[in-house]
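Participant: A single structure is presented below for examination.
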Amino acid sequence: MIQPLAYIHPQAKIADNVVVEPFAVIHKDVEIGEGTWIGSNVVIMDGARIGKNCRVFPGSVISGVPQDLKFAGEVTTAEIGDNTTIRECVTINRGTKDKWKTVIGKNCLIQAYSHIAHDCEVGDFCIFSNSTTLAGHITIGDYVVLAGLVAIHQFVKVGSHAFVTGGSLVRKDVPPYVKAAREPLSYVGINSVGLRRRGFSAEKINEIQEIYRVLFVKNNNVTKALDIIEAEFQPTEIRDEIVDFIRNSNRGVMRGFGTGSKER
(Lines of atoms letter the chains of each structure in order from A and count residues from 1; the text may use other names and numbers.)
(Lines give C-alpha, C1' and ligand atoms only; values in the text may rest on other atoms or scores of the structure.)
Protein backbone atom coordinates (compact mmCIF):
# COMPACT_ATOMS: atom_id res chain seq x y z
CA MET A 1 0.00 0.00 0.00
CA ILE A 2 1.48 3.29 -1.12
CA GLN A 3 -0.05 6.48 0.25
CA PRO A 4 -0.81 9.14 -2.38
CA LEU A 5 1.22 11.76 -0.51
CA ALA A 6 4.42 9.69 -0.82
CA TYR A 7 6.77 10.26 -3.76
CA ILE A 8 8.23 7.19 -5.48
CA HIS A 9 10.31 7.48 -8.64
CA PRO A 10 8.63 5.45 -11.39
CA GLN A 11 11.80 3.40 -11.97
CA ALA A 12 12.23 2.37 -8.32
CA LYS A 13 11.68 -1.38 -7.79
CA ILE A 14 9.15 -1.78 -5.00
CA ALA A 15 7.56 -5.14 -4.16
CA ASP A 16 3.77 -5.29 -4.38
CA ASN A 17 3.05 -5.55 -0.65
CA VAL A 18 5.45 -2.83 0.58
CA VAL A 19 3.79 -0.14 2.70
CA VAL A 20 4.95 3.43 2.10
CA GLU A 21 3.51 6.06 4.43
CA PRO A 22 2.75 9.72 3.54
CA PHE A 23 5.62 12.12 2.79
CA ALA A 24 8.21 9.38 2.26
CA VAL A 25 10.54 9.97 -0.71
CA ILE A 26 12.02 7.09 -2.69
CA HIS A 27 14.56 7.84 -5.42
CA LYS A 28 15.20 6.13 -8.77
CA ASP A 29 17.85 3.46 -8.14
CA VAL A 30 16.14 1.79 -5.18
CA GLU A 31 14.99 -1.78 -4.53
CA ILE A 32 12.70 -2.71 -1.61
CA GLY A 33 11.67 -6.29 -0.79
CA GLU A 34 8.35 -7.81 0.15
CA GLY A 35 6.64 -6.96 3.41
CA THR A 36 8.78 -3.92 4.22
CA TRP A 37 7.26 -0.86 5.87
CA ILE A 38 8.55 2.65 5.10
CA GLY A 39 7.44 5.28 7.60
CA SER A 40 6.51 8.91 7.02
CA ASN A 41 9.27 11.38 6.14
CA VAL A 42 11.79 8.66 5.30
CA VAL A 43 14.15 9.46 2.43
CA ILE A 44 15.55 6.50 0.50
CA MET A 45 18.17 7.63 -1.99
CA ASP A 46 19.84 6.10 -5.04
CA GLY A 47 21.72 2.89 -4.31
CA ALA A 48 19.46 1.60 -1.52
CA ARG A 49 18.81 -2.14 -1.47
CA ILE A 50 16.37 -2.98 1.32
CA GLY A 51 15.40 -6.59 2.00
CA LYS A 52 12.17 -8.28 2.98
CA ASN A 53 10.11 -7.51 6.10
CA CYS A 54 12.21 -4.53 7.14
CA ARG A 55 10.86 -1.52 9.02
CA VAL A 56 12.23 1.98 8.46
CA PHE A 57 10.90 4.56 10.92
CA PRO A 58 10.21 8.28 10.31
CA GLY A 59 13.06 10.66 9.67
CA SER A 60 15.61 8.08 8.53
CA VAL A 61 17.79 8.67 5.48
CA ILE A 62 19.02 5.54 3.72
CA SER A 63 21.83 5.50 1.14
CA GLY A 64 22.80 9.15 1.45
CA VAL A 65 25.94 10.32 -0.35
CA PRO A 66 29.07 9.47 1.70
CA GLN A 67 30.51 12.18 3.93
CA ASP A 68 33.91 11.52 2.40
CA LEU A 69 35.79 14.24 0.53
CA LYS A 70 37.35 11.58 -1.73
CA PHE A 71 33.92 10.48 -2.99
CA ALA A 72 33.68 11.27 -6.70
CA GLY A 73 30.12 10.27 -7.48
CA GLU A 74 30.81 6.61 -8.19
CA VAL A 75 27.81 4.30 -8.34
CA THR A 76 27.62 2.49 -4.99
CA THR A 77 25.00 0.93 -2.73
CA ALA A 78 23.69 0.69 0.83
CA GLU A 79 22.31 -2.79 1.47
CA ILE A 80 20.01 -3.74 4.35
CA GLY A 81 19.22 -7.40 5.07
CA ASP A 82 15.86 -9.02 5.69
CA ASN A 83 13.95 -8.44 8.94
CA THR A 84 16.07 -5.47 9.99
CA THR A 85 14.52 -2.53 11.83
CA ILE A 86 15.80 1.02 11.36
CA ARG A 87 14.42 3.37 14.01
CA GLU A 88 13.81 7.14 13.91
CA CYS A 89 16.32 9.51 12.29
CA VAL A 90 18.96 6.88 11.50
CA THR A 91 21.38 7.78 8.68
CA ILE A 92 23.08 5.10 6.61
CA ASN A 93 25.47 6.28 3.86
CA ARG A 94 26.24 4.31 0.74
CA GLY A 95 29.72 3.09 -0.10
CA THR A 96 32.69 4.57 -1.92
CA LYS A 97 35.12 2.98 -4.36
CA ASP A 98 36.88 1.37 -1.39
CA LYS A 99 34.24 -1.37 -1.01
CA TRP A 100 31.50 -0.06 -3.29
CA LYS A 101 28.83 -0.72 -0.68
CA THR A 102 27.71 -0.31 2.90
CA VAL A 103 26.10 -3.44 4.30
CA ILE A 104 23.75 -4.03 7.24
CA GLY A 105 22.98 -7.69 7.88
CA LYS A 106 19.76 -9.55 8.58
CA ASN A 107 17.67 -9.34 11.76
CA CYS A 108 19.42 -6.23 13.07
CA LEU A 109 17.99 -3.43 15.22
CA ILE A 110 19.48 0.01 14.60
CA GLN A 111 17.99 2.37 17.16
CA ALA A 112 17.17 6.08 16.90
CA TYR A 113 19.70 8.70 15.79
CA SER A 114 22.41 6.17 14.95
CA HIS A 115 24.77 6.85 12.04
CA ILE A 116 26.50 4.24 9.88
CA ALA A 117 29.02 5.73 7.50
CA HIS A 118 30.29 4.63 4.09
CA ASP A 119 31.80 1.19 3.50
CA CYS A 120 30.81 -0.25 6.88
CA GLU A 121 30.00 -3.95 7.05
CA VAL A 122 27.61 -4.99 9.83
CA GLY A 123 26.81 -8.65 10.48
CA ASP A 124 23.53 -10.35 11.33
CA PHE A 125 21.53 -10.07 14.58
CA CYS A 126 23.30 -6.90 15.73
CA ILE A 127 21.77 -4.32 18.08
CA PHE A 128 22.96 -0.71 18.02
CA SER A 129 21.38 1.40 20.76
CA ASN A 130 20.44 5.08 20.45
CA SER A 131 22.98 7.48 18.93
CA THR A 132 25.55 4.84 18.05
CA THR A 133 28.01 6.31 15.55
CA LEU A 134 30.15 4.33 13.12
CA ALA A 135 32.78 6.11 11.06
CA GLY A 136 33.75 4.78 7.64
CA HIS A 137 35.21 1.37 6.78
CA ILE A 138 34.21 -0.33 10.06
CA THR A 139 33.59 -4.07 10.24
CA ILE A 140 31.15 -5.46 12.82
CA GLY A 141 30.63 -9.21 13.35
CA ASP A 142 27.40 -11.08 14.05
CA TYR A 143 25.45 -10.68 17.31
CA VAL A 144 27.33 -7.54 18.36
CA VAL A 145 25.60 -5.25 20.86
CA LEU A 146 26.65 -1.59 21.02
CA ALA A 147 25.05 0.32 23.88
CA GLY A 148 23.93 3.96 23.60
CA LEU A 149 26.30 6.72 22.49
CA VAL A 150 29.08 4.38 21.40
CA ALA A 151 31.40 6.03 18.85
CA ILE A 152 33.74 3.92 16.73
CA HIS A 153 36.83 5.16 14.89
CA GLN A 154 37.21 4.47 11.17
CA PHE A 155 38.68 1.10 10.10
CA VAL A 156 38.04 -0.49 13.51
CA LYS A 157 36.83 -4.10 13.69
CA VAL A 158 34.49 -5.50 16.35
CA GLY A 159 34.34 -9.29 16.62
CA SER A 160 31.19 -11.40 16.77
CA HIS A 161 29.26 -11.65 20.06
CA ALA A 162 31.07 -8.65 21.57
CA PHE A 163 29.33 -6.16 23.86
CA VAL A 164 30.47 -2.52 24.15
CA THR A 165 29.10 -0.47 27.05
CA GLY A 166 27.35 2.88 26.66
CA GLY A 167 29.32 6.03 25.97
CA SER A 168 32.45 4.16 24.92
CA LEU A 169 34.99 5.56 22.47
CA VAL A 170 36.28 2.67 20.38
CA ARG A 171 39.69 3.45 18.88
CA LYS A 172 41.11 -0.08 18.79
CA ASP A 173 39.76 -3.41 17.58
CA VAL A 174 37.44 -5.30 19.94
CA PRO A 175 37.93 -9.09 19.77
CA PRO A 176 35.03 -11.55 19.59
CA TYR A 177 33.07 -12.71 22.67
CA VAL A 178 34.24 -9.95 25.03
CA LYS A 179 32.75 -7.10 27.05
CA ALA A 180 34.48 -3.75 26.57
CA ALA A 181 34.22 -0.69 28.82
CA ARG A 182 36.19 2.10 30.58
CA GLU A 183 38.32 4.89 29.11
CA PRO A 184 40.49 4.07 27.32
CA LEU A 185 38.44 1.10 26.19
CA SER A 186 39.50 -2.09 27.96
CA TYR A 187 38.64 -5.73 28.40
CA VAL A 188 36.30 -6.24 31.37
CA GLY A 189 35.41 -9.89 30.87
CA ILE A 190 33.68 -12.08 28.33
CA ASN A 191 30.10 -11.58 27.20
CA SER A 192 28.90 -14.61 29.17
CA VAL A 193 25.27 -13.47 29.45
CA GLY A 194 24.96 -12.97 25.71
CA LEU A 195 26.71 -16.26 24.98
CA ARG A 196 24.39 -18.22 27.26
CA ARG A 197 21.36 -16.60 25.64
CA ARG A 198 22.63 -17.77 22.25
CA GLY A 199 23.10 -21.35 23.35
CA PHE A 200 26.84 -21.55 24.03
CA SER A 201 27.64 -24.45 26.35
CA ALA A 202 29.39 -23.97 29.69
CA GLU A 203 32.40 -25.76 28.19
CA LYS A 204 32.69 -23.30 25.30
CA ILE A 205 32.21 -20.30 27.58
CA ASN A 206 34.96 -21.58 29.88
CA GLU A 207 37.28 -22.06 26.88
CA ILE A 208 36.72 -18.46 25.80
CA GLN A 209 37.32 -17.20 29.33
CA GLU A 210 40.58 -19.12 29.73
CA ILE A 211 41.90 -17.87 26.39
CA TYR A 212 41.22 -14.27 27.32
CA ARG A 213 42.83 -14.69 30.72
CA VAL A 214 46.07 -15.51 28.92
CA LEU A 215 45.62 -12.64 26.50
CA PHE A 216 44.31 -9.88 28.74
CA VAL A 217 44.64 -10.74 32.44
CA LYS A 218 48.05 -12.34 32.94
CA ASN A 219 50.01 -9.33 31.72
CA ASN A 220 51.53 -11.04 28.69
CA ASN A 221 52.29 -9.00 25.61
CA VAL A 222 50.24 -10.00 22.59
CA THR A 223 52.94 -12.02 20.84
CA LYS A 224 53.71 -14.08 23.93
CA ALA A 225 50.01 -14.56 24.72
CA LEU A 226 49.28 -15.91 21.24
CA ASP A 227 52.22 -18.31 21.48
CA ILE A 228 50.90 -19.62 24.82
CA ILE A 229 47.34 -19.96 23.49
CA GLU A 230 48.45 -21.93 20.44
CA ALA A 231 50.74 -24.14 22.53
CA GLU A 232 48.42 -24.87 25.46
CA PHE A 233 44.90 -24.86 23.95
CA GLN A 234 43.59 -27.54 21.62
CA PRO A 235 42.73 -26.23 18.13
CA THR A 236 39.03 -25.37 18.00
CA GLU A 237 36.91 -23.06 15.90
CA ILE A 238 36.67 -20.62 18.81
CA ARG A 239 40.39 -20.63 19.59
CA ASP A 240 41.31 -20.12 15.94
CA GLU A 241 38.74 -17.34 15.50
CA ILE A 242 40.20 -15.39 18.43
CA VAL A 243 43.82 -15.97 17.38
CA ASP A 244 43.13 -15.01 13.75
CA PHE A 245 41.29 -11.85 14.84
CA ILE A 246 44.22 -10.71 16.99
CA ARG A 247 46.87 -11.56 14.39
CA ASN A 248 44.99 -9.76 11.61
CA SER A 249 44.28 -6.60 13.61
CA ASN A 250 45.61 -3.60 11.69
CA ARG A 251 44.76 -1.00 14.33
CA GLY A 252 45.75 -3.16 17.29
CA VAL A 253 43.42 -4.53 19.94
CA MET A 254 42.03 -2.71 22.96
CA ARG A 255 43.75 -2.74 26.32
CA GLY A 256 43.75 -5.68 28.66
CA PHE A 257 42.70 -5.87 32.28
CA GLY A 258 44.43 -3.34 34.54
CA THR A 259 46.97 -0.64 33.76
CA GLY A 260 49.84 -3.05 33.37
CA SER A 261 48.47 -4.75 30.25
CA LYS A 262 50.12 -3.98 26.97
CA GLU A 263 48.43 -2.99 23.76
CA ARG A 264 49.57 -4.51 20.52
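UniProt numbering puts the first residue of the sequence shown at 1, with every later residue one more than the last.
Here a beta-carbon is modelled for each residue, glycine too, at the ideal position from N, C-alpha and C.
Taking 8 Å as the cut-off, does the region 53–69 touch the region 86–99 (at least 3 CB pairs, one atom from each stretch)?
Facilitator: yes
Participant: Assuming I110 and I86 are in contact, meaning their beta carbons sit under 8 Å apart, how far apart are those beta carbons, in whole angstroms?
Facilitator: Taking the first residue of the sequence shown as position 1, residue 110 is located at position 110. Taking the first residue of the sequence shown as position 1, residue 86 is located at position 86. About 5 Å separates the two Cβ atoms, so the contact holds.
Participant: Helix, strand or coil: how does DSSP classify L134 here?
Facilitator: Counting from 1 along the sequence shown, the entry for residue 134 is found at position 134. In this structure, L134 counts as strand in the three-state DSSP scheme.
Participant: With a cut-off of 8 Å on the beta carbons, I'd call A162 and T133 a contact; round off their distance for me.
Facilitator: In the sequence shown, counting from the first residue as 1, residue 162 sits at position 162. In the sequence shown, counting from the first residue as 1, residue 133 sits at position 133. That pair is no contact at about 17 Å.
Participant: Go to N93, then tell me how far its beta strand (DSSP E) extends in each direction, as first and last residue.
Facilitator: Residue mapping note: residue 93 aligns to position 93 of the sequence shown, counting from 1. Here the beta strand (DSSP E) through N93 covers 91–93.
Participant: Quick one: any contact between the region 186–196 and the region 221–240, if contact means 3 or more CB pairs under 8 Å?
Facilitator: Between the region 186–196 and the region 221–240 there are fewer than three inter-stretch CB-CB distances shorter than 8 Å, so the stretches are not counted as touching.
Participant: Out of M1, N191, Q154, V103, which one is the CA nearest neighbour of residue 300?
Facilitator: Residue 300 lies beyond the range of the chain shown here (1 to 264); nothing can be said about it.
Participant: In the structure shown, what three-state DSSP assignment does Y143 receive?
Facilitator: What you label residue 143 is simply residue 143 of the sequence shown in a count that begins at 1. Reduced to three states, the DSSP call for Y143 is coil.
Participant: In whole angstroms, what is the alpha-carbon distance linking K101 and F128?
Facilitator: Position 101 of the sequence shown, counting from 1, holds the residue named residue 101. Position 128 of the sequence shown, counting from 1, holds the residue named residue 128. For K101 and F128, the distance between alpha carbons rounds to 20 Å.
Participant: Work out the CA separation of E121 and A12 for me, nearest whole Å.
Facilitator: Within the sequence shown, the letter at position 12 stands for residue 12. Within the sequence shown, the letter at position 121 stands for residue 121. Each residue's Cα considered, the two are about 24 Å apart.
Participant: Candidates V243, I238, G166: which alpha carbon is nearest D227's?
Facilitator: Looking up residue 227 in the sequence shown gives position 227. The alpha carbon of D227 has as its nearest neighbour, out of V243, I238, G166, the alpha carbon of V243.
Participant: Can you name the residues that DSSP bridges to K13?
Facilitator: The count along the sequence shown starts at 1 and reaches residue 13 at position 13. Its beta-bridge partners are E31.
Participant: So, for I26: in the same chain, excluding its five sequence neighbours on each side, which residues have a beta-carbon less than 6 Å away from its beta-carbon?
Facilitator: Numbered from its first residue, the sequence shown carries residue 26 at position 26. So the list reads I8, A12, I44, once near-sequence residues are dropped.
Participant: Going by the beta-carbon positions, is the gap between T36 and V20 smaller than 7 Å?
Facilitator: Counting from one through the sequence shown, the residue named residue 36 turns up at place 36. Counting from one through the sequence shown, the residue named residue 20 turns up at place 20. Taking 7 Å as the Cβ cut-off, T36 and V20 do not qualify as a contacting pair.
Participant: In angstroms, rounded to a whole number, what distance separates the CA positions of P10 and V30?
Facilitator: Walking along the sequence shown from the start, residue 10 turns up at place 10. Walking along the sequence shown from the start, residue 30 turns up at place 30. Looking at the two C-alpha atoms, the distance is approximately 10 Å.
Participant: Can you name, in chain order, every residue of its own chain whose Cβ lies under 7 Å from the Cβ of D119, other than the five neighbours on each side?
Facilitator: The residue you call residue 119 lines up with position 119 of the sequence shown. Closer than 7 Å at Cβ, skipping near neighbours: G95, T96, D98, K99, T102, G136, H137.
Participant: Given this structure, state the Cα-to-Cα distance separating V144 from E237, to the nearest angstrom.
Facilitator: Position 144 of the sequence shown, counted from the first residue, corresponds to residue 144. Position 237 of the sequence shown, counted from the first residue, corresponds to residue 237. Rounded to the nearest angstrom, the two C-alpha atoms are 18 Å apart.
Participant: Determine the direct distance from the alpha carbon of V90 to that of L169, and round the result to whole angstroms.
Facilitator: Numbered from its first residue, the sequence shown carries residue 169 at position 169. Numbered from its first residue, the sequence shown carries residue 90 at position 90. Distance between the alpha carbons of L169 and V90: 19 Å.
Participant: The beta strand (DSSP E) with R247 in it runs from where to where?
Facilitator: Counting from 1 along the sequence shown, the entry for residue 247 is found at position 247. Unbroken run through R247 is the alpha helix (DSSP H), 237–247; no beta strand (DSSP E).
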